[in-house]
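Okay, structure first, notes after.
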Amino acid sequence: MANMAQAIRLALHYGEEHLGVTDIFGEDVGPPLGGVFTATQGLRTAWNSPLDERGIIGMAIGLAMAGQRPVAEIQFADYIYNTIDLLKLAGNTCWSSNGQWNLPMVVMTPVGAGIRGSIYHSHSFDAVMSHIPGWKIVMPATPLDAYGLMLSAIKDPNPVMFLPPKALMRHRGEELIPGEPEDPRELSKMIDAPVGDRSKWKPTWPPVEEYVVPIGKAKLVRPGSQLTVVAWGRCVPLALQAAKQLEGEGIDVELIDLRSIWPYDWEAIRASVEKTGKVMFVNEDTEVTNFGEHLIRRTIEELFYVLLAPPKLVAGKHLPGIGLADALERASVPQVEEIAEAMRALARTEP
Amino acid sequence: MANMAQAIRLALHYGEEHLGVTDIFGEDVGPPLGGVFTATQGLRTAWNSPLDERGIIGMAIGLAMAGQRPVAEIQFADYIYNTIDLLKLAGNTCWSSNGQWNLPMVVMTPVGAGIRGSIYHSHSFDAVMSHIPGWKIVMPATPLDAYGLMLSAIKDPNPVMFLPPKALMRHRGEELIPGEPEDPRELSKMIDAPVGDRSKWKPTWPPVEEYVVPIGKAKLVRPGSQLTVVAWGRCVPLALQAAKQLEGEGIDVELIDLRSIWPYDWEAIRASVEKTGKVMFVNEDTEVTNFGEHLIRRTIEELFYVLLAPPKLVAGKHLPGIGLADALERASVPQVEEIAEAMRALARTEP
Amino acid sequence: MSRPKLAGAANSRPALAPELLVEMHDLMVKARALEERLIQMYKQGDGFFWIGGPGEEAFNVPLGLLIKKGSGLDYDYLHFHYRNSATLIAMGEDPANPMRQMKNTATDPYSGGRNFAGHFSKREWNLAPVTSPIAVQYSIAIGTAYAQKRHGGEGITIVTGGDAGTAEGDFATCLVWSSRPGNELPILIIVTHNKWGISTHYSTQQGPKNIADRATAFGIKNKTIDGNDAITSYLEIKAAMDYVRKERKPFLLEAHVSRLYGHSSADGANRRPEEEDCIVRIEEVLLEHGIMTREQMDAVHEKWQKEMAELHRKVREEPQPNPEDVWKHIYWEGEGS
Amino acid sequence: MSRPKLAGAANSRPALAPELLVEMHDLMVKARALEERLIQMYKQGDGFFWIGGPGEEAFNVPLGLLIKKGSGLDYDYLHFHYRNSATLIAMGEDPANPMRQMKNTATDPYSGGRNFAGHFSKREWNLAPVTSPIAVQYSIAIGTAYAQKRHGGEGITIVTGGDAGTAEGDFATCLVWSSRPGNELPILIIVTHNKWGISTHYSTQQGPKNIADRATAFGIKNKTIDGNDAITSYLEIKAAMDYVRKERKPFLLEAHVSRLYGHSSADGANRRPEEEDCIVRIEEVLLEHGIMTREQMDAVHEKWQKEMAELHRKVREEPQPNPEDVWKHIYWEGEGS
Ligand SMILES: Cc1ncc(C[n+]2csc(CCOP(=O)(O)OP(=O)(O)O)c2C)c(N)n1
Ligand SMILES: Cc1ncc(C[n+]2csc(CCOP(=O)(O)OP(=O)(O)O)c2C)c(N)n1
Ligand SMILES: [Mg+2]
Ligand SMILES: [Mg+2]
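Chains as they are written, first to last, in the numbering used here: chain C, 2 to 352; chain W, 2 to 352; chain A, 1286 to 1622; chain D, 1286 to 1622.
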């Protein structure tokens, strides 16, 4: 069972070999390191770039204009904020040129907290990104979804932002990627670069197969009847833990992993809320002008009269950063207990 | 009666002379032009910068660190998006240093559409800005408020983002700035630079006085009983027009000008919604992950049970840009008719 | 009626063939007539905003003539700024199209009435959309150049921008990424230096005597030229291009040019008498060498002015976009990609 | 027991006084002992992440000694990157403080347990918060330098950063804004060139032979030096600083240094034998010139290692921040501003 970093690597390998990916690049993306999370180790088209995020995004746009299929990495989402103008440009190039130009590019940048990353290795990016039209935005919570969403991202003729949660990069999934060996140790031997000298190392790629998670399609993680919880990224496993805690208390939570931030699966949310009458949105980006607030607005607009309780948001606190010390980080982004407590409160609410 | 550009100029003049402003700078801010909107003409400490927004924001941060009081301009908000990392840094410097450093800086950047500005002279910036903690954010809708908010911004020991709506820059107010001559022609003669050679021109400043609009305080533009409309920036006069149209139809709208985006006047909103039971938020930023959605979330969280109808958002369409042609611009950002129609619909909603 | 001077009467023959000079003159005048018409359109209310390139024809016309025009990696990729109309005219563009954009008609082929004048985009010619944010094209051009480096052949990337914009980090990005050891890019980096950024003079903001000097530390060949001289421009662009095409390495070419009608309609779009006119300059050469008479040249001006007026009348009647058009092309609607 | 060689036995006397060399050696060893202790703290679980400056002592110690330390415009403003611990030690900083930040204690005076190791901030010394985003300090430093230009006197701004980071536009911003004609800034722009950006070698990504050469086009004086040589570093920093202090103009100083324990704890924080050790280098000089004996030098190492171990034990007991502390200092809570 691949972890998420391996799953991304396998997807990029599949992309290079079968989907026309021409360039996988960014800071420390190529040999010898293969990415700070190892997600790009051993890839044929991976190369290292100068330490210049604006150049990385500009290069990706230019490559896409020239008919290439680049996957560009910004090492941490924390360092993408000096490129927002270029991201906006990538998002408006098709529209501004009245449909002449399309940019088949993927930008991948790890997001979120949970790795003791302090102020600048803990940023989320879904809120700001969702405010930039013209992109598609995906955020996997499992290795298999990372694989399937990366394949979709590569195939898409538009710019796609791929946001793997930092804290889940080393998490092993429960599902096999089609073609992946059953034994994770075998997979590791095949595709993980050795410690020490790597100059002669070459990966042996398992014969992974096409497996696509369509952009815009949510996943029902856990069916339930009493309340709907819509989460994404790292908050999916946290919400799942919380939901399991609540089982014993007789609270039956339906958990949806949104997976695609834009376009998103409104049908899945609507159907669930029509069933439960109660909904909570969980994510770790800071809570003011948060994408979950958009979903609450839409819920209010379209489902006001089926609601049995006010929709709720559980998100990161509106703070300038996430502190390094344990207590600080835990006080800043949603934890299992906080999510469980919010679920309880929502379940208890009488209409 | 000063227009908004003149009001800002007068406030900056007051700031230079009485509040310790040391530097008013940016592209074309100094002589001979005095700003593309004329908002910085004739000011003693105004100077031109290189064409480099990152340098402008960096310079402002550094000046503030060195105990100066800078007011930096980004010529149009459309061009601020390559500096978001620096804005975030300015917003977290106090927090990251555990309270050692404060940055008494103002960034001023004109926002919004309505000047036939096409894709890159029509951007709003309140949504993204409200997602950056550590700043205060203000957005005047009248010249007097621009004056009073700029004085507050200058006095504040924290970074303040000042967002004048482009389309209102030449709008004349209905209230005099304290110390302003009664006749606008006289004011113009005193402080507007002449057409042609300006090398020998010097303004004659009217003896304007201290007048402060506190940050975080909304303004009741029009009291009403049937529904609450909270607007900011250019949408305030549009909403007022719409409200006046509706008078004849027997619909009584209470209009609040938020004026401060962060911190914002929740008390004013709460009190009004408790009275009317119906609320609509109007602004021209694009509607997905929009600050108005935050306000809807808060309304739902705290006022769900007093609501007589679902809160509504009227905002810019989620489009990659605002097109130049008249029909395109009008279809992209709220117009009086759309606002009036939304008001009607909300007024009609039966609980 | 004046007669052509005898060719022999001039001191030395121009370095370019007379036919080429006549062609360049024709295109320069055509481009100028287009821009002057665009300004008139603005002043008559047939457009909300004008920005363009009158004063840069002596540089931009030869640039257009020397471009390898076409689609895909074997042809030149073009990342222009908003003053490159003369380059398009030299490439054979229909002048009605810039007028359509000026009037933001639905027929505007560059942006469907969405973008400002001068914001061209033409995928069949590898012409990337001109962007309003200054200097970002320098960060984007490295991408097409990198693809062309890998592809080989003679196609190159050409990027242009103004002097003030070189203060943006994107210009440095272009220098850094164009000169990576072993990955030097086939890119012609152009700066058209008109000494102004809106109202701000270059000399008050930037230290480099020549902007081109900034390339030296990167090992990038570079040159600063008089872009108001059409012959110099042609020869120097050709030399720089030949180097980039053959050596597959970057070259920075800085050209001093005039800003003949100010920055844009925002500062009036009126003729600036203090700026040198490059058309006067080439006409002096044509006259001096007896290549054209004053009357012949006047006829060229008249021809294009008339043509532009006619096109204006035609474009004025074309339809405006519809409100629901805003929803088109948010995502790619074409085949494949 | 070996004896100091007679001073006369050496070929030529070092260019710095023996007392200064002894002091520099002491500080270099102290700074090294601090960093090695910080690494040990990380490895023992007394911290989540280590990054720091072992290998840069020969440059950073003289830098610290030469800084005009204090608060306000008459003193030097410091915009450092995360490898400047030796500079702080040379300035007299208590080594317990970097340990507090390493252990993210509530007592950490730089960030209250919020930020990574090496992210110093000390307003009484004009030391701006070290930021994680690479190179932004180059865009910020121009602000303090501009204020000092206006103020006059001898205070200057000093900014440091790594080689890889010079690819960011912020480095170019610093060059542009430091050399505006008539507004040249009193700023010492430093690049500590260790040849690496995490795993990426300089020679694979950047064309300039010397990074310092980039200053030339801007008319900025510049020099590239061997930063592993403490004596050279002292003399060259002093010369550059004197120029900046007196002339009120920028200087770009590039120093080649070692990255002795790799990039950070992310790549293991183990000693890299292939990197030159600047302490070995100064000790050779001290020995050769009979200024110190091996035993004396060993004693210095021992003294500081012991001291650091003690401080570590002490810091380990200090309290961690409380959850509600996150709400402090979002806005200024001090007096005035
Ligand atoms: C990033 C950005 N900042 C500011 C502007 C506003 N602006 C438009 S043109 C211009 C001056 C450009 O000067 P230069 O680069 O010399 O080009 P020129 O117009 O002289 O050809 C400015 C400041 C912009 N379009 N983009
Ligand atoms: C803007 C930004 N991009 C990426 C990173 C991740 N990162 C941290 S250190 C580093 C390498 C820095 O190399 P260099 O500038 O040479 O400094 P050194 O660490 O070698 O002293 C990178 C890429 C970052 N911190 N900031
Ligand atoms: Mg210019
Ligand atoms: Mg380095």
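Idealized CB from N, CA, C, for every residue including glycine.
Say yes only if the C-beta of residue i is nearer than 7 Å to one or more non-hydrogen atoms of ligand 3, and no if none qualify.
i                       : result
residue 1447 of chain A : yes
Is there at least one non-hydrogen atom of ligand 4 closer than 7 Å to the beta-carbon of residue i?
i                       : result
residue 1479 of chain D : yes
residue 1512 of chain D : no
residue 1482 of chain D : yes
Between which two residues does the alpha helix (DSSP H) carrying residue i extend?
i                       : result
residue 274 of chain W  : 267-277
residue 1429 of chain A : 1421-1436
residue 1519 of chain D : 1515-1532
residue 1583 of chain A : 1579-1601
Can you tell me whether residue i sits near ligand 2, meaning its C-beta is under 7 Å from at least one heavy atom of the ligand?
i                       : result
residue 1366 of chain D : yes
residue 322 of chain C  : no
residue 80 of chain C   : yes
residue 1544 of chain D : yes
Under 7 Å: does the beta carbon of residue i sit that close to some heavy atom of ligand 6?
i                       : result
residue 1474 of chain D : Ligand 6 is not part of this structure, which contains only ligand 1, ligand 2, ligand 3 and ligand 4.
Would you kindly report the start and end of the unbroken beta strand (DSSP E) that includes residue i?
i                       : result
residue 96 of chain C   : Looking at the DSSP string, residue 96 of chain C is not in any beta strand (DSSP E); the run it does join, the alpha helix (DSSP H), is 85-97.
residue 317 of chain C  : 313-317
residue 1506 of chain A : 1506-1511
residue 1363 of chain A : 1362-1364
residue 58 of chain C   : Residue 58 of chain C -> not in any beta strand (DSSP E); alpha helix (DSSP H) instead, spanning 54-66.
Please determine whether the Cβ atom of residue i lies at a distance below 7 Å from any heavy atom of ligand 1.
i                       : result
residue 187 of chain W  : no
residue 1427 of chain D : no
residue 54 of chain W   : yes
residue 32 of chain W   : no
Looking only at its own chain, which residues have a Cβ that is under 6 Å from the Cβ of residue i, when we skip the five neighbours before and after it?
i                       : result
residue 117 of chain W  : none
residue 136 of chain W  : 92, 160 and 162
residue 1409 of chain A : 1356
residue 349 of chain W  : none
Please list, in chain order, all residues of the same chain as residue i whose beta carbon is under 7 Å from its beta carbon, the five residues on each side excluded.
i                       : result
residue 1416 of chain D : 1422
residue 1398 of chain D : 1389, 1390, 1391, 1605 and 1606
residue 341 of chain W  : 243, 246 and 247
residue 1302 of chain A : none
residue 1304 of chain D : none
field: In chain order, each beta strand (DSSP E) run of at least 3 residues that lies wholly inside the segment 1306-1346 of chain D
entry: Counting only runs of 3 or more, we get nothing.
task: Taking only runs that begin and end inside the segment 1442-1503 of chain A, name each unbroken alpha helix (DSSP H) of 4 or more residues, in chain order.
output: Counting only runs of 4 or more residues that sit fully inside the segment 1442-1503 of chain A, the alpha helix (DSSP H) segments are 1454-1463 and 1487-1490, in chain order.
- prompt: Are the segment 1531-1543 of chain A and the segment 1576-1584 of chain A touching, with three or more C-beta to C-beta distances below 8 Å?
  reply: The segment 1531-1543 of chain A is not in contact with the segment 1576-1584 of chain A.
task: Pair every Cβ in the segment 18-37 of chain C with every Cβ in the segment 1384-1394 of chain A, then say whether three or more of these pairs are closer than 8 Å.
output: Proximity of the segment 18-37 of chain C to the segment 1384-1394 of chain A falls short of the contact definition, fewer than three beta-carbon pairs being nearer than 8 Å.
query: What are the uninterrupted segments assigned as beta strand (DSSP E) that are 3 or more residues long and contained completely in the segment 1534-1565 of chain A, given in chain order?
result: You should have 1536-1541.
- prompt: Quick one: any contact between the segment 171-180 of chain C and the segment 297-315 of chain C, if contact means 3 or more CB pairs under 8 Å?
  reply: By the Cβ rule, the segment 171-180 of chain C does not count as touching the segment 297-315 of chain C, because fewer than three pairs are nearer than 8 Å.
- prompt: Counting only runs that start and end within the segment 92-178 of chain W, where is the beta strand (DSSP E) found for 3 or more residues in a row?
  reply: You should have 107-109, 137-139 and 161-163.
- prompt: Does the segment 1442-1451 of chain A come within contact of the segment 1443-1452 of chain D, defined as at least 3 CB pairs closer than 8 Å?
  reply: Short answer: they don't touch.
4-residue-minimum alpha helix (DSSP H) runs that sit fully inside the segment 193-275 of chain W, ordered along the chain: Runs of alpha helix (DSSP H) with 4 or more residues, each lying fully within the segment 193-275 of chain W, are found at 236-248, listed in chain order.
message: Count Cβ pairs between the segment 139-148 of chain C and the segment 79-92 of chain C that sit closer than 8 Å; are there 3 or more?
response: They do not touch, by the three-pair rule.
query: Are the segment 92-109 of chain C and the segment 64-77 of chain C touching, with three or more C-beta to C-beta distances below 8 Å?
result: The segment 92-109 of chain C, when compared against the segment 64-77 of chain C, does touch it at the 8 Å Cβ threshold.
message: For the structure I just gave you, are there three or more beta carbon pairs, one from the segment 1484-1495 of chain D and one from the segment 1474-1486 of chain A, closer than 8 Å?
response: As far as the Cβ criterion goes, the segment 1484-1495 of chain D does not touch the segment 1474-1486 of chain A, which means the pair count is below three.
field: Touching by the beta-carbon criterion (3+ pairs, under 8 Å), the segment 1313-1320 of chain A and the segment 1360-1380 of chain A
entry: Yes, since at least three Cβ pairs between the segment 1313-1320 of chain A and the segment 1360-1380 of chain A fall closer than 8 Å, the two stretches touch.
- request: Specify whether the segment 249-257 of chain W and the segment 216-226 of chain W touch according to this definition: at least 3 beta carbon pairs, one from each stretch, less than 8 Å apart.
  value: Verdict: yes, contact present.
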